[in-house]
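Q: Line order of the protein sequences matches chains R and D.
Under UniProt numbering, the first residue of the first sequence is numbered 1, with each subsequent residue one higher.
Under UniProt numbering, the first residue of the second sequence is numbered 1, with each subsequent residue one higher.
Supplied in structure tokens, the structure appears directly below.
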Amino acid sequence: MIPAPFDYVAPSTVDEAVRALADAGEDAKVLAGGQSLLPVLRMRLAAPTTVVDLGKIGELKGVRDEGDAVVIGAMTTHYDVQRDPLVHDHALLLARATDTVADPQVRHRGTFGGSLAHADPAGDLLAPALALDAEMVIQGTGGRRTVSAAEFFQDFFTTSLAPEDILVEVRVPKHTGWTAHYEKFNRVAQAWSMVAVAATVRAEGGTVAEARIGLTNMASIPVRATAVEQALVGRSADAETIRAAAEHAAEGTSPTVDGNADVEYRQHLAKVLTGRAVEAAMAG
Amino acid sequence: MTAMAEPEVGRARVRKEDERLITGRTRWTDNITLPGMVHMALLRSPTAHARITAMDTSAAKEMPGVIAVYTGDDLDPGGEVGMPNAWPITPDQKTPRRPMLAQGTVNFAGEAVAAVIARSAAEAEDALAEIDVDYEDLPVVLGLDNAVADGAPLVHEDMGTNKSAEWIFDSSQAGSGGDVQQAISSSDVVVTRRFRQQRLVPAFMEPRSVVVDPTAPQLTMWSATQVPHILKTMVAMTLGLPEHHVRVIAPDVGGGFGGKLAVTPEECAAVVVAQKLGKPVKWTESRSETMVSAHHGRDQMQDITISASRDGTITGLKVDLLADMGAYLGIVGGGVPVLGAFMFNAIYKIPAYRFSCTTVFTNTTLTDAYRGAGRPEATFAIERIMDELAAELGMDPMQLREKNWIAHDEFPYTTVSTLTYDSGNYEAATAKAMQLFDYDGLRREQAERRDRGDRVQLGIGISTFTEMCGLAPSRVLGSLDYGAGGWEHAAIRMLPTGKVEVVTGASPHGQGHETAWSQIVADQLGVGFDDIEILHGDTQSSHKGLDTYGSRSLTVGGIAVVKAAEKVIAKARKVAAHLMEASEDDLEFADGKFTVRGTDTSTAIQDIALAVFAAHDLPDGVEPTLDSEAVFDPENFSFPHGTHLCATEVDTETGQVRLRSYVCVDDIGKVINPLIVEGQMHGGLAQGIAQALYEEAVYDEFGTLTSGTFADYLVPSAMDLPSFTTDRTETAATSNPLGVKGVGEAGTIASTPAVVNAVVDAVRHRGVNDIEMPLSPMRVWRAVHKGDTAAGGPGAEAGGGLGSIDSAHGGAQ
């Protein structure tokens, strides 16, 4: 479990980091906490020539209020996201999902941006980002640009980030007063999600005024369960309505097959878990 | 008057070794660094079965830091060296040679094919990629049924078969019971099942590691092994070294679970390489290497038939096993399933029994001892089929067990498989467990949940287990063709200052021998717990031993310690009598003092130790030493037993299983240290539950281990397990002077069937009568999904046969 040799660069600004990546070419890798990259390096599944460590770039850390959005620095650790009052008040779904990420050690080292950029479809923060219509602020050699979550996630472990791009921060539109639940299903507590459902709702009385639902690990990218959302909005959130709406959860999904679940079972789980997630979200 | 000191035995002492083990501030093999030491890395085959047609190591030899690159032929030009199999289960057993590095063919993915020696571990690993091997694929043999099918491709072409041996026990031939076919054909009820014991990875915490120093006439090997003594003798025999030129040290070892009961190609290769280079060599594996190349456990297909009369009296038991050995036989090898042969009859009085086992080769990592080794497999099968028989009969599963178990007043009891159980009280353990568990209350809740069609169904699982441990009486091992005895050695050194060194041949790898042995010796000699040091694991200080496995340390090694202490006291008595000018017969020994009966004249054992050291005034003919040694060879196994009860909640919508409660009442006889016992139970339960629900080593159709990391091989954590309720009854073993029985494997052996029985019980009314392990949510969900009558399943009729007939007619529930 010894990685192949590589050059290590630890820039102190985003500009330097972008330059370092551009200099290193396609065989460079970004280290953004290292909770996924290091195992991959140690097992020699990847052997980059250069590793650019973002850990020393202060401007990438922290959460700030920008009016209609909460802006989360890409290198903010899961632990800091989890306990941030802005995230809690305006993007509760993200806090709930972050609670379920791995274990305390990982949450202290792993980062929000690292997790999104890694784009593991079983990662727990992709579906919440999609459900909350988050926007990714990216810096590359040509300057900064903003990409929606829907455009950002492209395939298994693939995003719209170019090799020299850095994910700088994530703008999460405020969902103030929305309730949320992240329903995670796995075989042991520290395993990846087999399937998970990120649900956040704005209720008016007993009626669903708005709903956002994202699915984890139901395709090569996070999936928005729009049919479920539509079936909920404007209805009273009784058990029968939720159950009927959740029946749409597998629409448009194309989950992978592994030892834990085949397509039929994953799609079945998506429906069951969506019902439970919405129910729990409604309950606050 | 002096108050008797509180006995050490029975105290929940925090372990002496904990501080250094828990903080890691100790000498692990991989921490050892010697002057001039070089590092070995191994290239492993990516393919499961292939002929090596060419290998080019020239580029690797040019890599930075590389000192040498060796192939199998380089290390063993004659192709003569093979790893030992110490238990040929039949005279005609087929035992393929297992080389240090593959020669000619590779037979499983992960088999080492070349070794790089470099100045650093990193340089050695970097150079592996530069070795060029040409493989010509051979057909891959996977799966027991495939391997024994007619015309199956062969793992070892030259053997002409994939079968290694067939071992049979038949009670009608042994004279211990009747003919099983006759019993089955004349019985009212017959239940047959096929159970699969999935393959498991021992998953010890410390990866394997070996350091060999060849720079003195006596070669020294440090190894993360359970068996330094066996390793010393076996390395000498395997490599043709003079045994007195080999010293083996097992420093602190981070777990084994049977996975380090081995003599490995890596250890032998390190010796040969060190001798070739004349330099110390270290090899430490990565976790990825552990997964593919350290031996696995279990992997059996069990066809089991039980017959009974209408009232539930068992009439016969027939077991046919196929056991997957992987590509080679390890040191115990086929002996693992054979150990199980004696345990299928468990705690029950069974009048006719037949067992057959065929050991089979496949192109997979070899299997060998893993916590319980044969006994968990047997216990699983009998305890599972007892539940199925109960369902068939429409009986409560505990009532069925009660009807058939050996009553407490029937001990000693010779079983149908010819073992004599010395003691036990299944009634007492069961009564206590039932009460702690609230069996009746949970059955009521189960009925309520069923009645209201609750999404979450409740199930109750029982496992009333026993096991044979304390391996082993040497004569029994001899009768089974095992290649060694089962005794254990201990020595006690009384130091001039009154401190005590205890040497034990039982080499610990996390069990707590230092604490438990100190407690025993403190009571035996009347010296302080902290005045005792336990020496182990180094064949130079501990020259005799048979090491640690099979829950043998206390019941064999601990008794050797007692015997050695008795000899110390006998020697000291002579000296004490002399010093106090009294007759030996007038001396009483208690609390570390010899007292002249009826007087207050006494001498402490520490004072005698000093007097013997000085040797100024000893009786004629008395040697100036109190030091003693003893070897204990047990006359019988020990037979711990217990009643384990598990309640599971099964989410019928998702198949997720949650352990609601787990109660076990174990009878392990006298307890030396309750805290250590508790630790063994908790860890053992976790491991057994893991087999039921989580762990499985999975190969794809190419023979690649797909569960090769802990992301895929699911070892549960405390998060996944309930708070266990553990308790004990205490029926002293009569086969040893301490009355102790083994506990190291009990939890693992007992818990797996309790959990599976509970899950099946939860959904039996949904048409389920078995689910293959591990009981993943998908398997459970699918079983429920398929079992429903709407899906063409048996639905509530899954109880089957007579049971369902009785239910339909309002009979017994």
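By construction, the Cβ of each residue, glycine as well, lies at the ideal position given by its N, Cα and C atoms.
Computed from a prediction, not measured in an experiment: that's the story for all the values here.
Can you round the beta-carbon distance between D633 (chain D) and P412 (chain D) to whole angstroms, since I take them to be within the 8 Å contact cut?
A: Their Cβ separation, rounded to whole angstroms, is 19 Å, which puts D633 (chain D) and P412 (chain D) out of contact at 8 Å.
Q: Measure the alpha-carbon distance for H809 (chain D) versus S187 (chain D) and round it to whole angstroms.
A: Note on H809 (chain D): pLDDT 40, under 50, position unreliable in the model; no value is reported.
Q: Can you tell me whether Y8 (chain R) is buried or exposed? The criterion is at least 16 other CB atoms within 10 Å of its CB, across all chains shown.
A: Exposed, because fewer than 16 other Cβ atoms sit within 10 Å of the Cβ of Y8 (chain R).
Q: Measuring CB atoms only, is the segment 674-691 of chain D touching the segment 449-458 of chain D, in the sense that at least three cross pairs come out at less than 8 Å?
A: No, because fewer than three Cβ pairs between the segment 674-691 of chain D and the segment 449-458 of chain D fall closer than 8 Å, the two stretches do not touch.
Q: At 8 Å on the CB atoms, spell out the chain R contacts of M778 (chain D), in chain order.
A: The answer, in chain order, is N260, A261, D262 and Y265.
Q: Do you know whose CA, among D:F169, D:T305 and D:D387, lies nearest T192 (chain D)'s CA?
A: The shortest Cα separation from T192 (chain D) among D:F169, D:T305 and D:D387 belongs to D:T305.
Q: What do you get for S776 (chain D), buried or exposed, if any count of 16 or more other CB atoms within 10 angstroms of its CB means buried?
A: With 16 or more Cβ atoms within 10 Å of its Cβ, S776 (chain D) is classed as buried.
Q: Would you say M218 (chain R) lies against chain D (beta-carbon separation less than 7 Å)?
A: So, not an interface residue.
Q: Cutting at 6 Å between CB atoms, please list the residues of its own chain near E17 (chain D), excluding the five before and the five after it.
A: Correct list, in chain order: E514.
Q: If you follow the alpha helix (DSSP H) that E264 (chain R) is part of, which residue opens it and which one closes it?
A: Unbroken alpha helix (DSSP H) run through E264 (chain R): V263 to M282.
Q: For W283 (chain D), verify whether its CB is less than 6 Å away from any heavy atom of the ligand SAH.
A: The model on display carries no ligand, and the ligand SAH is accordingly not part of it.
Q: Within 10 angstroms of its Cβ, does P88 (chain D) collect 16 or more other Cβ (buried), or is it exposed?
A: It counts as buried.
Q: Please list the partners that V272 (chain R) has in chain D, where partner means a Cβ-to-Cβ separation under 8 Å.
A: E653 and T654, listed in chain order.
Q: Are the C-beta atoms of G793 (chain D) and some chain R residue less than 7 Å apart?
A: Output row for G793 (chain D): interface = no.
Q: Quick check: what's the CA-CA separation for M194 (chain R) versus F710 (chain D)?
A: Distance between the alpha carbons of M194 (chain R) and F710 (chain D): 15 Å.
Q: Classify V189 (chain D) as helix, strand or coil using the three-state DSSP reduction.
A: In the structure shown, V189 (chain D) sits in a strand (DSSP, three-state: E or B).
Q: How is A604 (chain D) classed by DSSP in three states: helix, strand or coil?
A: Strand.
Q: Compare the Cα-Cα distances from S220 (chain R) to each of R:T253, R:G206, R:V228 and R:V14 and report the closest residue.
A: When only C-alpha atoms are compared, the closest one is R:T253.
Q: Indicate the three-state DSSP secondary structure (helix, strand or coil) for H296 (chain D) in the structure shown.
A: Residue state, collapsed to three classes: strand.
Q: Going along chain D, which residues have a C-beta under 9 Å from L60 (chain R)?
A: Residues of chain D passing the Cβ test: none, with the nearest at roughly 27 Å.
Q: T284 (chain D): which of D:D303, D:E206, D:E243 and D:P214 sits nearest, CA to CA?
A: Cα-wise, what sits closest to T284 (chain D) is D:E206.
Q: On the premise that T207 (chain R) lies in contact with S236 (chain R), defined as a C-beta separation below 8 Å, what is that separation, rounded to the nearest angstrom?
A: With 8 Å as the limit, S236 (chain R) and T207 (chain R) qualify as a contact, their Cβ atoms being about 5 Å apart.
Q: For the beta strand (DSSP E) that contains residue 814 (chain D), what are its first and last residues?
A: Summary: the structure shown does not reach residue 814 (chain D), with chain D confined to residues 1 through 813, and so no result is reported for it.
Q: Mind checking the segment 34-62 of chain R against chain D and listing, in chain order, the residues whose C-beta falls within less than 7 Å of any C-beta there?
A: For the segment 34-62 of chain R, which is checked against every Cβ of chain D, the residues closer than 7 Å are M43.
Q: Look at the alpha carbon of M580 (chain D) and the alpha carbon of I605 (chain D), and state the distance between them as a whole number of angstroms.
A: Near 13 Å, if we compare the C-alpha coordinates of I605 (chain D) and M580 (chain D).
Q: Can at least three beta-carbon pairs, one atom from the segment 92-106 of chain D and one from the segment 66-77 of chain D, be found at a separation below 8 Å?
A: Taking 8 Å as the limit for Cβ pairs, the verdict is that the segment 66-77 of chain D does touch the segment 92-106 of chain D.
Q: Where does V575 (chain D) land, buried or exposed, given buried means 16+ other C-beta within 10 angstroms?
A: Counting Cβ neighbours within 10 Å, V575 (chain D) comes out buried, since at least 16 surround it.
Q: Leaving out five residues on either side along the sequence, give the residues of the same chain with a beta carbon under 8 Å from the beta carbon of H785 (chain D).
A: Hits under 8 Å: A791.
Q: Mind listing the chain R neighbours of L626 (chain D)? Cutoff is C-beta to C-beta under 9 Å, in chain order.
A: Per Cβ cutoff of 9 Å: no residues; L626 (chain D) is ~50 Å from chain R at best.
Q: Please list the partners that L714 (chain D) has in chain R, where partner means a Cβ-to-Cβ separation under 8 Å.
A: Neighbours of L714 (chain D) on chain R, chain order: R187, V188 and A191.
Q: Tell me whether G94 (chain D) sits in a helix, a strand or coil according to DSSP, three-state version.
A: According to the sequence displayed, residue 94 (chain D) carries Lys and not Gly. Residue state, collapsed to three classes: coil.
Q: For V235 (chain D), does the count of other Cβ atoms within 10 angstroms reach 16, so buried, or fall short, so exposed?
A: Under this definition V235 (chain D) is a buried residue.
Q: Can you give the beta carbon distance from V665 (chain D) to A433 (chain D), rounded, assuming they're within the 8 Å contact cut?
A: Confirmed, about 4 Å.
Q: Buried or exposed for A225 (chain R), going by 16 or more other Cβ atoms inside 10 Å?
A: A225 (chain R) should be labelled buried.
Q: Mind the definition here: the segment 701-715 of chain D touches the segment 378-397 of chain D only if three or more C-beta pairs lie below 8 Å; say whether that holds.
A: No, the segment 701-715 of chain D does not touch the segment 378-397 of chain D.
Q: By DSSP, does M37 (chain D) sit in helix, in strand, or in coil?
A: Coil, per DSSP.
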